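Following: one structure in structure tokens, then a few remarks.
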Amino acid sequence: QQQVKQSPQSLIVQKGGISIINCAYENTAFDYFPWYQQFPGKGPALLIAIRPDVSEKKEGRFTISFNKSAKQFSLHIMDSQPGDSATYFCAASLSHSGANNLFFGTGTRLTVIP
Amino acid sequence: DTGVSQDPRHKITKRGQNVTFRCDPISEHNRLYWYRQTLGQGPEFLTYFQNEAQLEKSRLLSDRFSAERPKGSFSTLEIQRTEQGDSAMYLCASSGRGSSGNTIYFGEGSWLTVV
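In order, the protein sequences belong to chains A and B.
Quick note on the numbering used here: the first sequence kicks off at 1 and runs consecutively.
Quick note on the numbering used here: the second sequence kicks off at 115 and runs consecutively.
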């Protein structure tokens, strides 16, 4: 059972464009939603995270939008750059239970064309 | 380098052999996790330690898998009698105490290929 559903599976964006990756979850008890970036051959690295008490969080060119009623959240990458080409994973967990209950989406492979 | 380190980075082994991976977490992190990642998938939780205590094991962790974290520092993940289906990247991660406990930091992974 996939706790977190992620789309699209792959995404191609022109340099300077906006990349949008969407995730949906079922468990309304989830209260921590991180995004990880993974380059080939490397482990995932935390990019940005949000808790459901806010609807948006921005860090540089990366923004998470959160819709609690729809149980959806998305990552927006503004002014996408070739160096952003990587696989992005959304995740969700119960913050009080620790990361042993951190559920990942299946990933989105982003390619930014120069 | 104060990140999570894993060793070896790559391992090719014959089916039926045993393999062991080591993880050194970020110092002072009391929680350590093992995940498995196959191509095209997100990481899947395997097991979790708080200090030296193994608190949870996923159903993905068959009897051929064992993990230890003696003295609450480094951890080892051993796979006995490897099978081709064990081929994957094994990721170690660690996290600290308190409200940031869900911020986990991954190592670069140990790739296992079973031939």
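Cβ coordinates follow ideal geometry from the N, Cα and C atoms, glycine included.
All figures in this text were calculated on a predicted structure; none of them were measured in a lab.
Contact residues of the segment 73 to 93 of chain A toward chain B are Phe-89 and Ser-93 (C-beta to C-beta distance below 7 Å). The segment 192 to 207 of chain B and the segment 15 to 31 of chain A do not touch, with fewer than 3 CB-CB distances between them shorter than 8 Å. Only residues of its own chain outside the window of five on either side were considered, and among them Arg-129 and Val-228 have a CB closer than 7 Å to the CB of B:Glu-197, listed in chain order. In the DSSP assignment, A:Ser-74 falls within the beta strand (DSSP E) that extends over 72 to 77. Contact residues of the segment 179 to 203 of chain B toward chain A are absent (C-beta to C-beta distance below 7 Å).
Look at A:Gly-107: its C-beta is under 8 Å from a C-beta on chain B.
Within the segment 122 to 204 of chain B, complete beta strand (DSSP E) segments of at least 3 residues are found at 124 to 127, 133 to 138, 145 to 151, 158 to 164, 167 to 171, 179 to 182 and 189 to 193, given in chain order. Between A:Tyr-32 and A:Ala-92, the CB-CB gap stays under 8 Å. Here A:Pro-114 carries a coil assignment [DSSP, helix/strand/coil]. Collapsing the DSSP output to three states places A:Pro-82 in a helix. Among the residues of chain A, those whose CB is under 8 Å from the CB of B:Glu-222 are Gly-41, Lys-42 and Gly-43, following chain order. Taking C-beta atoms as the reference points, A:Gly-107 and A:Val-4 fail to come closer than 8 Å. CA-CA distance, A:Thr-111 to A:Leu-46, rounds to 19 Å. B:Gly-210 is positioned such that its CB atom lies no closer than 8 Å to that of B:Gln-120. For the set A:Gly-16, A:Thr-28, A:Met-78 and A:Asp-53, the Cα lying nearest the Cα of A:Ile-113 is the one of A:Gly-16. Counting of Cβ neighbours within 10 angstroms places A:Gln-38 among the buried residues, the total reaching 16 or more.
The continuous stretches of beta strand (DSSP E) do not include A:Ala-29, and DSSP gives it neither H nor E. Taking C-beta separations shorter than 7 Å and ignoring five residues to either side along the sequence, the partners of A:Lys-68 in its chain run Pro-52, following chain order. The Cβ of A:Leu-46 sits closer than 8 Å to at least one Cβ of chain B.
In the DSSP assignment, A:Asn-101 falls outside any beta strand (DSSP E), carrying neither H nor E.
At least one CB of chain B lies nearer than 8 Å to the CB of A:Leu-102. Straight across, the Cα-Cα distance linking A:Gly-60 with B:Asn-132 is about 45 Å.
Under the 8 Å Cβ criterion, the segment 79 to 94 of chain A does not count as touching the segment 133 to 151 of chain B, having fewer than three qualifying pairs.
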